[in-house]
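>
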Amino acid sequence: MSLLEARGLSIAFGGVRALEQVGFTVDRGEVLAIIGPNGAGKTTLFNVVTGLYRAHGGEVRLDGRDVTGLPPHALAARGLARTFQNLEIFFRMSALENVMVGRHLKERRRLGAELLGLPSVLRENRESRARSRDLLAFVGLEERADEPATGLPYGALKRLEIARALACEPRILMLDEPAAGCNPVETEEIDRLIAAIARQGVAVVLVEHDMRLVMRISDRVLVLDQGRRLAEGTPSQVRSDPRVIDAYLGRHGVAAAHAA
Amino acid sequence: MRPGTFSKLAILGTLLLVLAVVPLVLPSPFHLRVATLVWINATAALGLALLIGLAGQVSLGHAGFMGIGAYATALGPKHLGLDPLSSMALGIFAAALLALLVGRPILRLKGHYLAVATLGLGILVHLVIVSEVPVTGGPDGIQLPHVELLGRRVTGPELWYWITGTGVVLAAWLALNLEDSSTGRALRALHDSEIAASVVGVDVARHKLVVFVIAAVYAALAGGLFALFNRFVTPDVAGFLRSIELVTMVVIGGMGSILGAVVGAALLTVLPQALTVFHEYEHAVLGLLIVLFMVFLRQGIVPGLAGRVVRRRSA
Ligand SMILES: Nc1ncnc2c1ncn2[C@@H]1O[C@H](COP(=O)(O)OP(=O)(O)OP(=O)(O)O)[C@@H](O)[C@H]1O
Ligand SMILES: [Mg+2]
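Chains as they are written, first to last, in this note's numbering: chain A, 1 to 260; chain B, 1001 to 1315.
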């Protein structure tokens, strides 16, 4: 039994079949990469698995239990966290507060105590603040903790989302293009982060176009094309698969993939 | 702490200071009565500030909840033989229950359904009050008995000033505590991105419902206090114009600012009194002033001025 298993997921938007019978499994400490050309359905797969979209067919299992169709917050409570390709930041809050929101499920949230500002609430605030600062340090943003999130550059916001997702203390972390728009130095930083996260026993599902990053860091790679599974295997199997080269990597991509 | 806001203690300190100074500077019964109305309106505006400013949800019928609080307080003694204070408690409970029943199905939906639903609810409450003449007294309004506590009449402008003033400080204290809590952060988060809030575990629909009920309770409390203080209520307390006034208080004072809600309430309560010198142009002048405030202090008075001070200091 896998930690997270998706089976036969299908969804269509009008005439577009964004996913057709797609599945994957991922386990503790493992890094699964999902790659494929633009519009292949990678983000849609994330949205279905995390409960933002409802699949027209197929199922999602966590610890072997059926969680298909559960709302996102219920899935988060079961240990599923994610980041967004097109940033979903709380822009009216500071960087630190963004991460603190990620601690939501770890906080007790008793409304009466919160309204009265009881010492237990203040203690919990302090604890959340401290934990969140640690996480900001982990992603290299400790210096910008108290800045409003609006002012942070794109690369910092990508890492802020990772810190927020980690604040949920997830068992499964789904990262949608964490290195997009990052320079090579930042990409290498993200590479290190993901490896460290996986080493802590978190299952990582990674969507990424940077082939060097994917090949270096993944245990397995799932290739999607036009909503279908094109191939799956180890990085070396996938990068020499002629169908993958045709549909996605091309000659340039193969060079990048081998350079890793 | 959030940038551009004052700390909890500074806000409460400012409120307490104003509360203490007003009776010294303006001791006439007329001024105290106006100040009491400010505190009552500010209490309702504070609840709405949590709903609009913190969570980004809009209620266009909030005077309806005020009306429920006011009329429950007035009708309990007349029809149920209850004392006014228990009647008020009942009214607050009824408002909370109604908010729960209306909010539950509506707040599951994304978009501005709450604004539309509350608009309808406010109109409905007002309509019932106006048309159920035998029960409510209809458009002519209804008289209340004096409140008695420990065998003594609670009366006099000064006493009511202190009662409602204490009420608004408590209401602000609770609101500030909520802001600085897990629930408060969740509300601010879903204001910015419901999707991101939900994937970190925030039950978005539930949190919106909680803050909507809190806002309804604040409004009903304000309505009840108004009825007790004024000893006479008319359907105007629940009218659409009052709902718009309440929203304007929040927006003009500065959305998401607790002090702003109080300042907005003060402005919209005091200005009409001051503008009576303009006779029939009173409303036009009030409208013009609101437009000017929005043009020159777009974030609202309190955050706008705070921002200017900070900018000047760092310049
Ligand atoms: N909410 C939606 N409504 C309509 N169509 C959608 C929606 N979400 C995705 N699609 C369509 O589904 C297909 C897959 O999109 P998706 O965003 O999953 O691709 P992707 O693999 O993440 O691409 P990219 O690499 O560009 O991020 C596309 O044709 C897209 O237009
Ligand atoms: Mg995508």
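All C-beta atoms, glycine included, are put in the ideal place defined by N, C-alpha and C.
Any beta-carbon of chain C closer than 9 Å to the one on Val1210 (chain B)?
In the structure shown, chain C cannot be found, because the protein chains are A and B.
> What is the rounded straight-line gap between the Cα of Arg1153 (chain B) and the Cα of Ala1227 (chain B)?
As a first step, residue 1153 (chain B) must be located in the second sequence, where it is residue number 153. As a first step, residue 1227 (chain B) must be located in the second sequence, where it is residue number 227. Straight-line Cα distance between these residues: approximately 15 Å.
> Would you mind reading off the limits of the alpha helix (DSSP H) that contains Val1291 (chain B)?
Here residue 1291 (chain B) refers to the residue found at position 291 of the second sequence. Segment 1282-1296, the alpha helix (DSSP H) holding Val1291 (chain B).
> Nearest by alpha-carbon distance to Glu127 (chain A): which of A:Gly140, A:Gly117, A:Lys106 is it?
Reading the first sequence from its first residue, position 127 is the one you call residue 127 (chain A). Ranking the options by Cα distance to Glu127 (chain A), first place goes to A:Lys106.
> Measure from the alpha carbon of Gly1151 (chain B) to the alpha carbon of each residue in B:Ile1106, B:Asp1083, B:Met1088, B:Trp1173, then state which is nearest.
Against the second sequence, residue 1151 (chain B) aligns to sequence position 151. When each option's Cα is compared against that of Gly1151 (chain B), the closest is B:Asp1083.
> Whole angstroms are fine: how far does the CA of Val1022 (chain B) sit from the CA of Glu114 (chain A)?
Here residue 114 (chain A) is taken as the residue at index 114 of the first sequence, counted from 1. Here residue 1022 (chain B) is taken as the residue at index 22 of the second sequence, counted from 1. Between Glu114 (chain A) and Val1022 (chain B), the C-alpha separation is close to 31 Å.
> Using the C-alpha atoms, what's the distance from Ala1306 (chain B) back to Arg1188 (chain B)?
The residue labelled residue 1188 (chain B) in the question sits at position 188 within the second sequence. The residue labelled residue 1306 (chain B) in the question sits at position 306 within the second sequence. Between Arg1188 (chain B) and Ala1306 (chain B), the C-alpha separation is close to 20 Å.
> Determine which residues of the region 1184-1211 of chain B have a Cβ less than 8 Å from any Cβ of chain A, and write them out in chain order.
Among the residues of the region 1184-1211 of chain B, those with a Cβ less than 8 Å away from any Cβ of chain A are Gly1184, Arg1185, Ala1186, Arg1188, Ala1189, His1191, Asp1192, Ser1193, Ile1195, Ala1196, Ala1197, Ser1198, Val1199, Val1200, Gly1201, Val1202, Asp1203, Val1204, Val1210, in the order of the chain.
> Taking only three categories from DSSP, how would you classify Phe1212 (chain B)?
Taking the first residue of the second sequence as 1, we reach residue 1212 (chain B) at position 212. Helix.
> Does the distance between the C-beta of Thr50 (chain A) and the nearest non-hydrogen atom of ligand 2 fall short of 8 Å?
By 1-based counting over the first sequence, the position of residue 50 (chain A) is 50. Outside the cutoff, so no.
> Using only the heavy atoms of ligand 2, determine whether one of them is closer than 8 Å to the beta carbon of Lys42 (chain A).
Within the first sequence, the letter at position 42 stands for residue 42 (chain A). Yes, the beta carbon of Lys42 (chain A) sits closer than 8 Å to at least one heavy atom of ligand 2.
> Taking Cβ to Cβ, would you say Ala203 (chain A) is nearer than 9 Å to Ile217 (chain A)?
Position 203 of the first sequence, counting from 1, holds the residue named residue 203 (chain A). Position 217 of the first sequence, counting from 1, holds the residue named residue 217 (chain A). No, the pair does not count as a contact, with Cβ atoms beyond the cut-off.
> If we ignore side chains and look at the alpha-carbon of each, how far apart do Gly181 (chain A) and Gly155 (chain A) end up?
The residue given as residue 181 (chain A) occupies position 181 in the first sequence. The residue given as residue 155 (chain A) occupies position 155 in the first sequence. Whole-angstrom Cα-Cα distance: 7 Å.
> For a minimum of 4 consecutive residues, which ranges assigned as the alpha helix (DSSP H) are wholly contained in the region 15-67 of chain A?
42-49
> Terminal residues of the continuous beta strand (DSSP E) containing Val223 (chain A)?
The residue given as residue 223 (chain A) occupies position 223 in the first sequence. Residues 220-225.
> Cβ closer than 7 Å: which chain B residues qualify as neighbours of Asn38 (chain A)?
In the first sequence, the residue the question calls residue 38 (chain A) occupies position 38. Chain B residues near Asn38 (chain A): none, gap ~21 Å exceeds 7 Å.
> When you check each C-beta in the region 39-51 of chain A against every C-beta of chain B, which residues fall closer than 7 Å?
Answer in chain order: Thr50.
> Is the beta carbon of Leu1241 (chain B) less than 9 Å from the beta carbon of Thr1043 (chain B)?
Position 241 of the second sequence, counting from 1, holds the residue named residue 1241 (chain B). Position 43 of the second sequence, counting from 1, holds the residue named residue 1043 (chain B). Contact flag unset, no.
> Taking three-plus beta-carbon pairs below 8 Å as touching, is the region 125-141 of chain A in contact with the region 157-172 of chain A?
yes
> Does any heavy atom of ligand 1 sit closer than 8 Å to the C-beta of Gln85 (chain A)?
On the first sequence, position 85 is the one that residue 85 (chain A) refers to. Answer for Gln85 (chain A): yes, Cβ within range of ligand 1.
> Can you tell which of B:Val1217, B:Trp1160, B:Thr1073 has its C-alpha closest to the C-alpha of Val1034 (chain B)?
For this step, residue 1034 (chain B) is matched to residue 34 along the second sequence. It is B:Trp1160.
> For Asp225 (chain A), verify whether its CB is less than 8 Å away from any heavy atom of ligand 2.
By 1-based counting over the first sequence, the position of residue 225 (chain A) is 225. Not so, every heavy atom of ligand 2 lies at least 8 Å from the Cβ.
> Would you give the residue range spanned by the alpha helix (DSSP H) that Ala1266 (chain B) belongs to?
As a working mapping, residue 1266 (chain B) is identified with position 266 in the second sequence. Taken as a continuous stretch (DSSP letters only), the alpha helix (DSSP H) holding Ala1266 (chain B) covers 1258-1274.
> Apply the 10 Å Cβ neighbour rule to Asn183 (chain A) and answer buried if 16 or more other Cβ atoms are within range, or exposed otherwise.
For the purposes of this step, residue 183 (chain A) is taken as residue 183 along the first sequence, with counting starting at 1. Result: exposed.
> For the pair the region 78-90 of chain A and the region 1136-1145 of chain B, tell me if three or more CB-CB distances fall below 8 Å.
no
> Using the beta-carbon of each residue, which ones in chain A are nearer than 9 Å to Asp1180 (chain B)?
Along the second sequence, read from residue 1 onward, the residue named residue 1180 (chain B) stands at position 180. By Cβ distance, chain A contributes Glu114, Gly117, Val121, Leu122, Asn125.
> Applying a beta-carbon distance threshold of less than 9 Å, which residues of chain B neighbour Gly102 (chain A)?
As a position in the first sequence, residue 102 (chain A) is number 102, starting the count at 1. Result: Val1200, Gly1201.
> Using a Cβ-Cβ cutoff of less than 6 Å, which residues in the same chain neighbour Leu70 (chain A) once the five nearest sequence positions on both sides are dropped?
As a position in the first sequence, residue 70 (chain A) is number 70, starting the count at 1. Closer than 6 Å at the Cβ level, and outside the excluded window around Leu70 (chain A), lie Gly51.
> Here's a check: name, in chain order, each residue in its chain whose Cβ is nearer than 6 Å to the Cβ of Phe1278 (chain B), leaving out the five neighbours to either side.
Residue 1278 (chain B) sits at position 278 when you count from the first residue of the second sequence. The residues are Val1285.
> Less than 9 Å between the C-beta atoms of Val205 (chain A) and Leu173 (chain A), yes or no?
Here residue 205 (chain A) refers to the residue found at position 205 of the first sequence. Here residue 173 (chain A) refers to the residue found at position 173 of the first sequence. Yes, the pair counts as a contact, with Cβ atoms nearer than the cut-off.
> Are Ala1094 (chain B) and Ala1220 (chain B) close, meaning C-beta to C-beta below 9 Å?
Walking along the second sequence from the start, residue 1094 (chain B) turns up at place 94. Walking along the second sequence from the start, residue 1220 (chain B) turns up at place 220. Result yes, Cβ atoms of Ala1094 (chain B) and Ala1220 (chain B) sit closer than 9 Å.
> Taking the Cβ atom as the reference point for each residue, do Val1200 (chain B) and Val101 (chain A) lie within a distance shorter than 9 Å?
For the purposes of this step, residue 1200 (chain B) is taken as residue 200 along the second sequence, with counting starting at 1. For the purposes of this step, residue 101 (chain A) is taken as residue 101 along the first sequence, with counting starting at 1. Going by C-beta atoms, Val1200 (chain B) is nearer than 9 Å to Val101 (chain A).
> Counting Cβ pairs, one atom from each stretch, are 3 or more of them under 8 Å apart for the region 27-46 of chain A and the region 226-243 of chain A?
yes
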